[in-house]
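S.K.:
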Amino acid sequence: MDALLSPVSTTYTKSAAKEEPFLQEVKKSSTTSSSSKPASTAPARQAFTASSADEALEILKNEPDYDTLVSVLRFLLSAKPPVDVRKPTHLSAQLVQVFVTAILPNYWTVLREEGKDNNQEKLPKKQGGRTDLELLIACLRSVTGLSSLSVRLRALLAEAKTKQKDDEKDQPGNPAWQLRVLLEALSETLASDDAVAQVWSVSISGTDNEAKNRPLQQEFLNIIGSGKIVSLAAEAEIVVKEEFGSETLPSFWVANGKEFSLWMTRNIIHWALKNRKPEVQRVQGALLGKALRLGYLARDSVISTFVADLILGDSLAKDDVLASILEQLPVYEQKKMLNGILKFAADTYFSSISVDSETVDAGVVSAVAGLVEKVIGTSTSLRDQLVSWLLTSPGVGLLNGIGIRRAAVAAVSKDQSALSDILEKSMAEFGDQLFIKHSPMMQQEAKAQIILLSAAYVGRYSQRSLASLLRSRTYLSLVTNRLGSSQNRAKFLGMAVGEALSGLVDDNKQKLDFHMEEMNTDEAKWYKGLAKVNDSVGKPDTLKKQTPNTGQTSASTRTSKAPKPKQSKPAPKPARQPPLQPKSSGFIIEELNDDDDDDDDLRAYEKPDSDTEDSDDDPTLVRRDKPKAPVYIRDLISFFRDTENYDKQKLALTTAPPLIRRKATFGTEVQQHAQDLASILISLQDTFDIEDFGNLRLQGMVALAVAQPKQIGPYYALTFFEGDYSLSQRASVLSALGLGARELAGFDVSEYAAETAFPTKQLPNRVEHLYVPPDGSQPGAKPGGPSSLKALGAGALDSITDSLTASFLRPIAAKAADEATGPDVLKLASFKSRLKDVSSGPNAKAVTRKKQPAKGTVNTSSQLLASSVFFPLISRFQLALQASSSARLRGVLFEPSLLSLYIKTLAVVLHAAGPSALALPDMTAELWNLLLSSSVQAHCVGDLLVTHAVLFALMAVLDVNENRVRELCRDLPREVVQTRDWALQIVENMRMAGAEVADQRSQESEVQMLAAGTYIRLSEGMESYKSLLLGEMIG
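Quick note on the UniProt record's numbering: the sequence shown kicks off at 1 and runs consecutively.
#1: Assess contact between the stretch 130 to 138 and the stretch 96 to 111, defined as three or more Cβ pairs (one per stretch) separated by less than 8 Å. Is contact present?
#2: Give the straight-line distance between the Cα atoms of Pro-540 and Ala-369, rounded to the nearest whole angstrom.
#3: Would you please state the rounded distance, in angstroms, between the beta carbons of Ala-176 and Val-239? I believe it to be under 8 Å.
#4: Taking a contact to mean a Cβ-Cβ separation below 8 Å, would you say Val-987 touches Tyr-1015 in this structure?
#5: My assumption, with CB atoms under 8 Å, is that Ile-712 sits in contact with Ala-678. Please give the rounded CB distance.
#6: How big is the Cα-Cα spacing for Pro-779 and Ser-750?
#7: Using the three-state DSSP reduction, which class does Phe-688 fall into: helix, strand or coil?
#8: For the 8 Å Cβ check, are there 3 or more pairs between the stretch 227 to 238 and the stretch 247 to 258?
#9: According to the Cβ coordinates, are Leu-203 and Leu-186 closer than 8 Å?
#10: Hey, how far is the Cα of Trp-263 from the Cα of Thr-189?
#11: For a test of the three-state rule: what should DSSP assign to Ser-261, helix, strand or coil?
#12: How long is the line joining the alpha carbons of Ala-703 and Gly-740, rounded to whole angstroms?
#13: Are there three or more Cβ pairs, one per stretch, closer than 8 Å when the stretch 1001 to 1012 is compared with the stretch 939 to 959?
#14: Are there 16 or more other CB atoms within 10 angstroms of the CB of Tyr-632, so buried, or fewer, so exposed?
#15: Below 8 Å between beta carbons: does that hold for Pro-440 and Gln-878?
#16: Just to confirm, is the Cβ distance from Phe-344 to Ser-379 under 8 Å?
#17: Any chance you could list the alpha helix (DSSP H) runs of at least 4 consecutive residues sitting entirely within the stretch 57 to 132, in chain order?
#18: Are the beta-carbon atoms belonging to Ser-92 and Val-83 less than 8 Å from one another?
#19: Which whole-angstrom value describes the C-beta separation of Asp-450 and Leu-371, a residue pair presumed to lie in contact below a C-beta threshold of 8 Å?
#20: Kindly list the residues whose CB is nearer than 6 Å to the CB of Phe-720, restricted to its own chain and excluding five residues on each side of it in sequence; keep chain order.
#21: Taking the beta carbon of Tyr-461 as the centre, do at least 16 other beta carbons fall within 10 Å, making it buried, or is it exposed?
#22: Please report how far the alpha carbon of Leu-453 lies from the alpha carbon of Asp-802, in whole angstroms.
#23: For Ser-875 versus Gln-433, is the C-beta distance shorter than 8 Å?
#24: Exposed or buried, what is Glu-184 when buried is set at 16 or more other beta-carbons lying within 10 Å of its beta-carbon?
#25: Leu-972 and Trp-928 - do their beta-carbons sit closer together than 8 Å?
#26: So the alpha helix (DSSP H) Gln-178 belongs to, where does it begin and stop?
#27: Around the Cβ of Pro-330, are there at least 16 other Cβ atoms within 10 angstroms (buried) or fewer (exposed)?
#28: Could you check the C-alpha separation between Arg-266 and Val-387 for me, to the nearest Å?
#29: Decide if Ser-261 is buried, meaning its Cβ has at least 16 other Cβ atoms within 10 Å, or exposed.
#30: Would a C-beta distance cut-off of 8 Å place Val-479 and Leu-423 closer than the cut-off?
#31: I'd like the list of long-range same chain contacts for Leu-873, defined as Cβ closer than 8 Å, with 5 residues on each side in sequence excluded.
#32: Give a yes or no on whether the C-beta atoms belonging to Gly-431 and Asn-481 are separated by under 8 Å.
#33: When you compare only the Cα positions, how much space is there between residue 1036 and Leu-918?
#34: Buried or exposed: which applies to Lys-374, given that a residue is buried once 16 or more other Cβ atoms fall within 10 Å of its Cβ?
#35: Since Ala-652 contacts Val-537 with CB under 8 Å, what's their CB separation in whole angstroms?
#36: Measuring alpha carbon to alpha carbon, tell me which residue in Gly-1013, Glu-159, Leu-543, Ser-916 is nearest Trp-982.
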């Protein structure tokens, strides 16, 4: 019989203090009393009286009613309770365990409803105005409470994996329902910026026993900073959403790793402001270190929150709270934090990557220098870390522009000994031959800037010490080794640094002057001007306007994030009613005229074209709110950011390429929003399965690279190496750079190029044909010209590679076929006879004209491609390999498909720069050293993709340097010999090995052809200049 009757659900409600009969006598009341008191007054709750905490525990175990529960909570949180439920004792652990396992599943819904209705009823002041829900949360906000919640979450997760499918969803016995309640309770428990400080104060502070405090501190750090809470909450959220559906259930911030890291950061800041004791600062530093190691790609967010809240906050104008906390960290954590702050300052306040001095504001440099000095404070270890960053960190070459280097040097300028040390060690490294030959050019440029900036301050403090340094062997070796380098860029930097340093000490007659045209350029003058920079250390308060909002909203205002409501169709507008005609009195006279002669000259309107939007039979499905195409860049960005609107996404994708190209030379819209738009395009996702999405997105990225190459080229290179993007997104960045470089060089013309002109700059259609002939009649026009080119797809770089490979191998194949047709004597005799017949004919002049070599077109974009695309790409690759903390990045870069695409992109950019590039020797040396490096060669073994890309790049190098074979053999003899032997080895290995699959055979044949072509080209060059090579190797 018991099985027939089972409870369907159990609901706990508030019980009235006193039951009243249904029938009551109505009594009259005075007017005064009725007006002064409300009509209905809530009955007062009965007070709970207990003599001990054991009695309270017994009552909680016996399923108390609502009023009894609230009375127990007030008793446990009274001024002098018999036991503090928040202190780690055996009795408090039992009480918290009952709260978590029994009270929360049964009373959580009632407590939350009571909290919502609390605005109508004020609690007594003796309880601090806290609601009943806040009383329960206060009992759980401790180390014991958080540990109990974590243990219960783990147990329920294990139970949820084995639960039966027929369980009721909204029952306390359902594990998923209990997990939902625990997630809500955990979010409420931690939902404030002083939660960590409260947990510390109620759980650990006030105890003088050091032996007892040590394990409590360790438990405190483990429960909050180890990531245990966020991992369990994330796993529980998955179970809850699978049970109840993710559309209606809100997201919990405790299950989001980034949100949890930001919550920890805000709590550490709030705690550091309230408690400055040394023993507490050690715990704060340890908790900060755990926040940095928490993961979830939140280190940058943690650092930006610290800078925005702690350094630039109004409450810390003169305090050095951060420096005191950072001193408690280990040395490697201090280095990580300092590097992160410098990177944040460079990305936020010096967003321009170019080295143009006009883009660097001296006021911003002074404010950032004050920010860096405020971070360092009086800490000797942090100052040493900053000096080490200026000396040896490869991050100097990766950070943006000159502004952050000026700020860092200005922050160290008060320490004369450290500044002199920086100058001397930097000069020694700058003049080292190994550094000159193997270091990336961007790192050499950064080192030259640091030398000139530090020399400017040393010269002001001690002119004698600077003069003695310039008379030493270090300075002479710097200039001598730089001038003896085979790279033009290295020579330029050596001459610029030599003349600038000499100008600080010697007078006009004795200072060093090379009398070179390169030293009169704007770039050389800019480098020399760095030796005269004098930046002061200002106040960082001026940076508040430029500091982005880091989400300083308290967690208490966002305990859970509700899902965004779905867009609904707009309500149809009511039909417009005809205006009411005023009543007229009297008779209405209407004249009828049958004469239609006046209407003969009127022309009737044509019937409008059918509207596709009105073609639907159902009028409710016709949409009249479709957005119009954006005409401004900022509107285009807003369209892209509206990721839940299909029409705006598609319209932005189709409008972006022509709009960016049209606005490139009209105003400064593209220049101001270029980086924001590039970041949006790179990270854009195809959430609506838009047709030709990849091609449209790539064309927008190419349009940006063509419109602003000086700004977007280095930004794409920075994004490729440091951005958090997938392999396909990084591949699109490389494709955009390669296609943009070819378009800038004039090899390709986009289909959107014709849409760049404004309508106001075009002739009307009826007049245009009188002045502008059609495309087919233009002199020199060819069928299938640029106007007929179609947009290139995502694999366009591979097709360009195939066409360039065919052009590289065509002369070699023609020569081989010519040699295989017969002896040279017969070919020469037949050629002479044909030449004699042709020369005596009427077309002799035409043949003579054809003999003359065609004049090559001048490539005006070669220098732009070298400085903005090629060198940033190749330098950041080398710096990424040298960095000690790039293990994850190495795994991404050396993925075969991405590595091969990267090498092909460099080759395409080098070929686009052409043989007329002034930086061609430097570009050739950089690319050749990269191709023969051990990291790349190791991936060529057994991988045809990388081997094909390396051989293609070598063929591109040899093709561009076709007229510089003598210089190649003289400047790069080791590379020439090593490459020839490696190509021969590949040919022999391919001949011995066989492929069973047809696709693999075709790929191996392509690799074999490229290797043979490389071997033939190098063999011809070596035979021509054999004596020069032998002399170089013997010498």
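Every residue gets a Cβ at the ideal spot worked out from N, C-alpha and C, and that includes glycine.
Small disclaimer: the values here were computed from a predicted structure and weren't measured.
M.R.: So, from the listed chains and residues:
#1: With a cut-off of 8 Å, the stretch 96 to 111 and the stretch 130 to 138 count as touching, because enough Cβ pairs lie within range.
#2: If you take the alpha carbons of Pro-540 and Ala-369, they lie about 8 Å apart.
#3: Contact flag correct, Cβ pair sits at about 6 Å.
#4: Contact: yes.
#5: At roughly 6 Å, the Cβ-Cβ gap stays under 8 Å, so Ile-712 and Ala-678 are in contact.
#6: Low confidence applies to Pro-779: its pLDDT is 38, below 50, so where it sits in the model is not reliable, and the reading given next is rough at best. Their Cα atoms are separated by approximately 21 Å.
#7: Three-state result, Phe-688: coil.
#8: Yes, since at least three Cβ pairs between the stretch 227 to 238 and the stretch 247 to 258 fall closer than 8 Å, the two stretches touch.
#9: Position check: residue 203 holds Ser in this sequence, whereas Leu was assumed. For Ser-203 and Leu-186, no; Cβs fall outside 8 Å.
#10: For Trp-263 and Thr-189, the distance between alpha carbons rounds to 13 Å.
#11: Helix at Ser-261.
#12: Spanning the two alpha carbons is a distance of roughly 7 Å.
#13: When C-beta atoms of the stretch 1001 to 1012 are compared with those of the stretch 939 to 959, three or more pairs fall below 8 Å, so the two segments count as touching.
#14: Under this definition Tyr-632 is an exposed residue.
#15: A contact, by the Cβ cut-off of 8 Å.
#16: With a cutoff of 8 Å on beta-carbon distance, Phe-344 and Ser-379 are scored as not near each other.
#17: Correct list: 66 to 76, 90 to 98, 104 to 116.
#18: Going by C-beta atoms, Ser-92 is nearer than 8 Å to Val-83.
#19: The displayed chain sequence assigns Ile, not Asp, to residue 450. About 19 Å separates the Cβ atoms of Ile-450 and Leu-371, ruling out a contact at the 8 Å cut-off.
#20: Once the five neighbours on either side are set aside, the close Cβ partners of Phe-720 are Arg-730, Val-733.
#21: Tyr-461 comes out exposed.
#22: Rounded to whole angstroms, Leu-453 and Asp-802 show a C-alpha spacing of 47 Å.
#23: Ser-875 is not a Cβ neighbour of Gln-433, given a cutoff of 8 Å.
#24: Note on Glu-184: 16 or more other CB atoms within 10 angstroms of its CB, so buried under the neighbour-count rule.
#25: Yes.
#26: Here the alpha helix (DSSP H) through Gln-178 covers 175 to 189.
#27: If you draw a 10 Å sphere on the C-beta of Pro-330, you find fewer than 16 other C-beta atoms in it, and that means exposed.
#28: A direct Cα-to-Cα measurement between Arg-266 and Val-387 gives close to 29 Å.
#29: Its Cβ being crowded by 16 or more others within 10 Å, Ser-261 is buried.
#30: For the 8 Å CB-CB criterion, Val-479 and Leu-423 do not form a contact.
#31: Correct list, in chain order: Ala-717, Phe-720, Leu-737, Tyr-902, Thr-905, Leu-906, Val-909.
#32: Cβ atoms of Gly-431 and Asn-481: closer than 8 Å.
#33: No statement about residue 1036 is possible, as the shown extent of the chain runs from 1 to 1035 and does not include it.
#34: Burial call: buried.
#35: Contact doesn't hold; Cβ gap of about 44 Å is too wide.
#36: Measuring from the Cα of Trp-982, the nearest candidate turns out to be Gly-1013.
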